[in-house]
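Peer 1: For reference, the structure I am asking about is given below.
2 protein chains.
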Amino acid sequence: MTTIDTTLGEHTSAAPAQLREHLMELVEQRLREFLRAECDRRSRAHSRAADLVGSIADLVAAGGKRIRPAFCISGYLAAGGDPDDHRVLPAAGALELLHASALIHDDIMDAARRRRGAPTVHERHSATHRLRGWRGEDRRYGEGVAVLAGDLALVYADQFMATAPPLVDALWAELRTELIVGQFVDVHVAAAAELPVDLDLARWIAVAKSGRYTIHRPLEVGAAIAGRPELGAAFEAYGAAIGEAFQLRDDLMDAFGDGQVTGKPDGLDVEQHKMTLLLGLAMRRDLGIRDLVSSGEARAGRLRTRLRETGVRGDVERHIDRLVDEGCRAIAQAPLAAGWREELTEMAHLVAYRDR
Amino acid sequence: MTTIDTTLGEHTSAAPAQLREHLMELVEQRLREFLRAECDRRSRAHSRAADLVGSIADLVAAGGKRIRPAFCISGYLAAGGDPDDHRVLPAAGALELLHASALIHDDIMDAARRRRGAPTVHERHSATHRLRGWRGEDRRYGEGVAVLAGDLALVYADQFMATAPPLVDALWAELRTELIVGQFVDVHVAAAAELPVDLDLARWIAVAKSGRYTIHRPLEVGAAIAGRPELGAAFEAYGAAIGEAFQLRDDLMDAFGDGQVTGKPDGLDVEQHKMTLLLGLAMRRDLGIRDLVSSGEARAGRLRTRLRETGVRGDVERHIDRLVDEGCRAIAQAPLAAGWREELTEMAHLVAYRDR
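Going down the list, the sequences are from chains A and B.
When we follow this note's numbering, the leftmost residue of the first sequence carries the number 27, and every step to the right adds one.
When we follow this note's numbering, the leftmost residue of the second sequence carries the number 27, and every step to the right adds one.
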């Protein structure tokens with residue numbers, strides 16, 4: 027087992043990114059140790075239980091960008107939180123476990139086959155069922171196990187957050203409910219194709235599903251743990267803009283990306299008629315796309331071709347530039363700890379211009 | 027809106043059942059008001075959100091036996107908890123919301139069509155999808171919405187429990203994890219038909235999935251909130267026996283019951299090869315049943331007929347009698363508040379000999 031020095035010593039002179047990376051390593055360690063201990067403990071109760079806990083452990087170990095814990099810890103440190111006081115670690119771990127839960131369940135709804143460069147949880151368990159010739163339907167079994175794995179990750183997330191200060195409770199409840207309701211509206215709109223589908227609706231879904239939960243709320247949780255809830259307004263403005271940029275980059279990768287690099291299948295959102303921000307912007311630019319989407323007759327291939335032809339990509343890149351600028355201006359006057367305005371500006375760029 | 031008097035006044039002389047019923051009404055009121063407020067609030071964010079929150083509200087409003095809140099409040103009052111101190115109410119509400127979450131998700135895994143006399147959540151949303159001719163697959167849509175409804179109920183459960191005293195945190199985490207892991211082993215064993223399938227395994231599943239979470243843990247949570255965690259051992263012995271009796275009654279209703287009365291489809295467990303306690307006992311009594319099950323060739327119809335012929339029903343009834351006796355003896359010497367030994371004895375009988 028790797029032992030990590032849990033104090034930084036001369037941290038007051040350490041650079042913001044270095045402080046965050048140090049705390050992020052501790053979060054990784056806690057996640058790893060918790061999931062290993064749970065796997066051992068549940069396996070003692072029943073040998074097969076490891077298959078369930080292991081699905082969560084594998085997904086977490088497979089990587090991912092850890093954006094939510096990184097913003098949570100950044101919110102804490104930017105608010106002047108003491109890096110030697112580890113109260114922020116469980117909250118950061120909880121956000122990653124919540125994300126694991128959301129990914130496992132969303133992948134069922136999207137019938138996604140791969141995640142983080144490996145088969146999705148439901149896909150893997152369905153494959154085991156087929157391979158061994160078990161009873162019943164392979165799809166029902168695999169998806170059932172994935173429902174339970176996502177449930178368990180949600181309970182683990184909560185178990186982590188339970189040790190955070192009580193003032194975080196309301197934020198934590200709100201963050202989870204927003205995420206679930208946002209995902210429902212996303213799934214519903216994609217299926218029902220109800221009018222009006224427009225940029226406002228696309229923006230609402232992007233904010234509810236991803237914007238708040240990825241950047242704004244994690245920053246807010248961190249600031250609250252540091253005892254500085256008054257930073258919420260600046261973090262909300264920053265998070266709204268950078269969250270939208272984050273989501274637009276996601277949409278670009280989905281529509282035009284390379285699955286070998288992103289680790290996700292290409293074109294899934296377009297194929298599944300998801301009302302993405304990208305589509306909202308394209309509809310505003312190109313009435314033909316609006317007609318294709320509104321008529322409910324948009325074939326994925328035709329829509330993707332039209333999206334390529336219509337030049338929306340350049341449009342969206344310029345919009346991302348404006349959002350990054352707007353987000354960074356939102357924290358320009360905020361009373362943050364030394365170096366954190368620059369660090370959050372850097373993070374905004376990393377998030378908005380990432381390639382996976 | 028019905029206004030309920032929130033104090034009992036002369037409660038010191040009130041009978042145990044009356045005290046519990048009073049607090050149970052308050053729990054119902056809190057659940058109703060919370061779900062109504064959430065429905066309103068989420069609908070303001072997006073008009074369709076009510077479809078999701080409403081699915082939970084409908085299931086909770088449709089009734090159910092409320093066994094878990096009843097045992098939680100009983101544990102609290104039996105431990106001498108003050109009926110005018112309402113700290114136990116959120117915990118009791120949390121247990122009912124957790125149960126709603128488990129039902130919604132289990133019904134997906136079992137492909138169950140009806141619950142509490144109405145279509146299951148996934149069934150209802152799949153039907154809407156078909157009726158309106160929406161895009162994509164009706165099953166994926168309905169099951170996806172039910173996954174989200176169950177997730178949201180789990181978050182709501184947690185939001186209720188967050189206001190309970192911190193000493194309940196560990197119990198709450200354990201209770202939820204046991205439930206999910208138990209459900210996984212149940213689904214896994216039914217599909218994989220791995221040997222050995224025997225009474226011990228059936229008992230393990232019944233205890234993990236239902237016994238602990240239905241009676242033992244709710245009593246323990248109630249006692250902990252009353253500040254009497256030392257009652258845990260007596261409640262564990264009582265809960266283990268009465269929980270097994272509860273589960274056996276469930277199995278009997280499934281195998282031999284009348285769906286018109288129970289509100290559930292008959293024979294679902296038998297059809298889905300669930301390793302129930304009933305089957306465990308039948309296998310021990312009748313080697314033919316063991317062969318049918320072990321060979322993995324047990325057809326539902328054949329197995330049900332054999333179960334009827336083999337006279338296991340009378341066997342199980344006698345076993346239930348012994349369990350009720352054993353459970354009641356476990357609390358005979360426990361230092362409970364006046365009248366509560368008798369009340370818990372009465373509850374044991376109600377649970378073990380219920381008809382739905």
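Glycine included, every Cβ here is placed at the ideal spot set by N, Cα and C.
1) Taking the continuous alpha helix (DSSP H) assigned at residue 78 of chain A, which residues delimit it?
2) Count the other C-beta atoms from every protein chain shown that fall within 10 angstroms of the C-beta of residue 94 of chain A, then say buried if there are 16 or more, exposed otherwise.
3) Please confirm whether residue 195 of chain B has its beta-carbon closer than 8 angstroms to some beta-carbon of chain A.
4) From residue 344 of chain A to residue 353 of chain A, what does the alpha carbon distance come to, in whole angstroms?
5) Indicate whether at least one CB of chain B lies closer than 8 angstroms to the CB of residue 217 of chain A.
6) Taking a cut of 7 angstroms between CB atoms, which residues from the region 117–150 of chain A lie near chain B?
7) Contact check, residue 251 of chain B vs residue 191 of chain B under 8 angstroms by CB: the rounded distance?
8) Output yes or no for whether 8 angstroms exceeds the beta carbon distance between residue 240 of chain B and residue 283 of chain B.
9) Name the two residues that bound the continuous alpha helix (DSSP H) containing residue 377 of chain A.
10) Kindly list the residues whose CB is nearer than 6 angstroms to the CB of residue 49 of chain A, restricted to its own chain and excluding five residues on each side of it in sequence; keep chain order.
11) Please tell me whether residue 60 of chain A has its Cβ less than 8 angstroms away from any Cβ of chain B.
12) If contact means a Cβ-Cβ distance below 7 angstroms, which residues of the region 183–213 of chain A contact chain B?
13) Are the CB atoms of residue 196 of chain A and residue 160 of chain B within a distance shorter than 8 angstroms?
14) For the region 231–259 of chain A, which residues have a beta carbon sitting closer than 8 angstroms to at least one beta carbon of chain B?
15) Indicate whether the contact test is met: 3 or more Cβ pairs, each with one atom in the region 68–82 of chain B and one in the region 174–194 of chain B, closer than 8 angstroms.
16) Enumerate in chain order the residues of its own chain whose CB-to-CB distance from residue 261 of chain B is below 7 angstroms, with the five nearest sequence positions on each side excluded.
17) Less than 8 angstroms between CB atoms is the rule here; does residue 267 of chain B satisfy it with respect to chain A?
18) Quick one: what does DSSP say residue 145 of chain B is sitting in, helix, strand or coil?
19) Kindly list the residues whose CB is nearer than 7 angstroms to the CB of residue 168 of chain B, restricted to its own chain and excluding five residues on each side of it in sequence; keep chain order.
20) Suppose you measure from the CA of residue 342 of chain A to the CA of residue 316 of chain A; what does that come to, to the nearest Å?
21) Check each candidate in B:89, B:214, B:275 and B:59 and name the one with the smallest Cα separation from residue 135 of chain B.
22) Between the alpha carbons of residue 303 of chain A and residue 296 of chain A, how many angstroms are there, rounded?
23) Buried or exposed for residue 27 of chain A, please, with buried defined as at least 16 other CB atoms from any protein chain shown within 10 angstroms of its CB.
24) With 16 other CB atoms within 10 Å as the buried threshold, where does residue 54 of chain B fall?
25) Closest by CA to residue 334 of chain B, which one among B:305, B:379, B:170 and B:347?
26) Give, in chain order, every unbroken run of the alpha helix (DSSP H) that is at least 4 residues long and sits entirely within the region 99–177 of chain B.
27) Are residue 336 of chain A and residue 312 of chain A closer than 8 angstroms when you measure CB to CB?
28) Can you tell me whether residue 341 of chain B is helix, strand or coil according to DSSP?
29) Determine whether the beta carbon atoms of residue 234 of chain B and residue 208 of chain B lie at a separation below 8 angstroms.
30) Verify whether the separation of the beta carbon atoms of residue 126 of chain B and residue 257 of chain B is less than 8 angstroms.
31) Indicate whether the contact test is met: 3 or more Cβ pairs, each with one atom in the region 117–126 of chain A and one in the region 270–280 of chain A, closer than 8 angstroms.
32) Taking the C-alpha atoms as reference points, what is the distance between residue 75 of chain B and residue 165 of chain A?
33) Terminal residues of the continuous alpha helix (DSSP H) containing residue 237 of chain B?
34) For residue 301 of chain B, name the three-state secondary structure that DSSP assigns.
35) Closest to residue 41 of chain B by C-alpha separation, out of B:104, B:86 and B:90, would be which residue?
36) Going along chain B, which residues have a C-beta under 7 angstroms from residue 177 of chain A?
Peer 2: In terms of the structure at hand:
1) Run containing residue 78 of chain A: 75–87, per the alpha helix (DSSP H) assignment.
2) buried
3) yes
4) 14 angstroms
5) Chain B, which has a Cβ nearer than 8 angstroms to the Cβ of residue 217 of chain A, makes this yes.
6) Correct list: 131, 134, 135 and 137.
7) 6 angstroms
8) No; because the gap between Cβ atoms is not below 8 angstroms, this pair is not in contact.
9) 366–378
10) Contacts found: 99.
11) At a cut-off of 8 angstroms between beta carbons, residue 60 of chain A makes no contact with chain B.
12) 184, 185, 188, 195, 199, 202, 203, 206, 207, 209, 210, 211 and 213
13) no
14) 234
15) yes
16) 101, 242, 245, 246 and 249
17) no
18) Strand at residue 145 of chain B.
19) 148, 149, 151, 152 and 155
20) Each residue's alpha carbon lies about 16 angstroms from the other.
21) Residue B:214 is the option with its Cα nearest to residue 135 of chain B.
22) 11 angstroms
23) Only weak support is given to the placement of residue 27 of chain A: the predicted model assigns it a pLDDT of 41, under 50, and the question is left unresolved by the model.
24) buried
25) Residue 334 of chain B has its Cα closest to that of B:305, out of B:305, B:379, B:170 and B:347.
26) Taking 4 residues as the minimum length, the alpha helix (DSSP H) runs contained wholly in the region 99–177 of chain B are 114–135 and 147–158, in order along the chain.
27) yes
28) Correct three-state label for residue 341 of chain B: helix.
29) The answer is yes: Cβ separation under 8 angstroms.
30) no
31) Verdict: no, contact absent.
32) 28 angstroms
33) It is not in any alpha helix (DSSP H) - residue 237 of chain B carries neither H nor E in the DSSP assignment.
34) coil
35) B:104
36) 131, 180 and 206
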